[in-house]
Amino acid sequence: TQISGHAAAGRDDEVRADIAQSIRTLLFFIVAATAAVAAAAIPASRVFTASADDAQAAALVLLAYLVGLIPLTVLFIVQRTFYAYDDTRTPFWFTIFQCVLIVVTALIALGMREAGIIPLTSLAAAVALGQSIASVLQTIVATWLLHRKIGGLQIRSWMSAIVRFAIAGVPAGLAGWGAFALLGGTAGWTMDDKIQGALGTAIIGLVVVIVYIAILALLRAPELKAGSALIRRFLPGR
124 TQISGHAAAG RDDEVRADIA QSIRTLLFFI VAATAAVAAA AIPASRVFTA SADDAQAAAL
184 VLLAYLVGLI PLTVLFIVQR TFYAYDDTRT PFWFTIFQCV LIVVTALIAL GMREAGIIPL
244 TSLAAAVALG QSIASVLQTI VATWLLHRKI GGLQIRSWMS AIVRFAIAGV PAGLAGWGAF
304 ALLGGTAGWT MDDKIQGALG TAIIGLVVVI VYIAILALLR APELKAGSAL IRRFLPGR
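Numbering (this note's numbering), first residue to last: 124 to 361.
What follows is the structure, encoded as C-alpha cells:
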C-alpha cells in the first residue's frame, strides 16, 4: 500500500526505499523459514505421505522447490511495484518468460529420465528444480526491468541483508539438521507416523529459529528490530 501511494505521487526515491525495506523485512522471515524447512524436509514430508520411504522421495521435491523461495520473495515485491505504476504488461511478459523456461526444463527432465540419467523416483524433483531455476531467472529479469524503469532499486542495501541472513541461516539450518539426526534421522521416531512427523518438524524448526535469531543478534542486524515490530503488530491487544 505504501509503495502504491508513493508511486501514484511520483516519488520514485521513496518507492526505491520502500522496495528495499520490504525485501529486507520479508527475507528476514523467509530465510529462517527456508532453513527450517530444509532441515526438517524429511519429517515435514512425512506429514503428507503414507510411509517413511515416500517421505524421503517427497523431501527431494520440497528441497528442489526451496531453491526458488528466496528469489520469489524478491519477485513478490518487484511484481507488485510494477502494478503500483499501473504497469501490467511488463509482468505479463516476464511471466511468459518463466512459463517457457518451466516447459523447457520439464522437457529436459523428461529427456534425462528417458535416457536413464535420472531414475523415475527423481523425476518430480527434477521438474521442481527446473521450476525453481525458471523462477530465479524470472526474478533476475524482472528486477533488471524495474531497475531500468525507476532508475535503481537500492540493490546493495538488500543484498547486504541477504548476506547477513545467509550467515545466520546456514548455521541455523545445520543446527536443525543436527537436531533431526539426534532425533534418530530417517530411522527415528519422527518417521513413524504423521503426528510424530509434525512434532519432529516443530522441534527442528524451533532449533533453527533460535540459532538464527541468536546469530543475527550477535551481528546486531537492524532487521531484528523491524521484524519484531512487525510481529508485535499482529499480537493480541496490539
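Just so you know, even glycine gets a beta-carbon here, dropped at the ideal spot from N, CA and C.
Keep in mind the model is a prediction, meaning the values are calculated, not measured.
- Setting aside the 5 residues that flank it on each side, alanine 229 is surrounded in the same chain by Val250, Gly253, each with a C-beta closer than 7 Å to its C-beta; the list follows chain order.
- Straight through space, the alpha carbons of isoleucine 200 and glutamine 261 are spaced by roughly 13 Å.
- Comparing alpha-carbon positions, the option among Gln179, His129, Ala325 lying closest to alanine 156 turns out to be Ala325.
- Residues of the same chain with a CB within less than 8 Å of the CB of arginine 287, apart from the 5 flanking positions on each side, are Leu339, Leu342, Ala344, Glu346 in chain order.
- For the pair of segments examined, the segment 142-155 was found to touch the segment 269-283: the number of CB pairs separated by less than 8 Å reaches three.
- Leucine 306 sits in coil when the DSSP states are folded into three classes, being neither helix nor strand.
- With a threshold of 16 other beta carbon atoms within 10 Å, methionine 314 meets it and is buried.
- DSSP, reduced to helix, strand and coil, places alanine 291 within a helical segment of the structure shown.
- Around threonine 266, the same chain offers Val201 as residues with beta carbons nearer than 6 Å, after the five sequence neighbours per side are excluded.
- The three-state secondary structure of leucine 246, taken from DSSP, is helix.
- DSSP, read as helix, strand or coil, puts glycine 275 in coil.
- Here isoleucine 153 has Leu192, Ile193, Thr196 as same chain residues with Cβ atoms under 8 Å from its own Cβ, once five neighbours each way along the sequence are excluded.
- Around the CB of isoleucine 333, fewer than 16 other CB atoms lie within 10 Å, so the residue is classed as exposed.
- Taking each of Ile231, Val264, Ile263 in turn and checking the Cα distance to alanine 248, the smallest one comes out for Ile231.
- In this structure, the beta-carbon distance from valine 331 to glycine 299 falls below 8 Å.
- For leucine 186 and tryptophan 216, the gap between their C-alpha atoms comes out near 28 Å.
- Each residue's CA atom was taken as its position, placing leucine 149 and isoleucine 285 some 11 Å apart.
- Spanning the alpha carbons of glutamine 277 and arginine 134 requires a straight line of approximately 15 Å.
- Between isoleucine 327 and proline 166, the CB-CB gap stays under 8 Å.
- Contact check for threonine 204 against leucine 297 fails: the beta carbons are separated by 8 Å or more.
- DSSP places valine 190 in the coil class of the three-state scheme, outside both helix and strand.
- Looking at the backbone, the Cα of threonine 213 and that of alanine 207 are separated by about 12 Å.
- DSSP, read as helix, strand or coil, puts valine 331 in helix.
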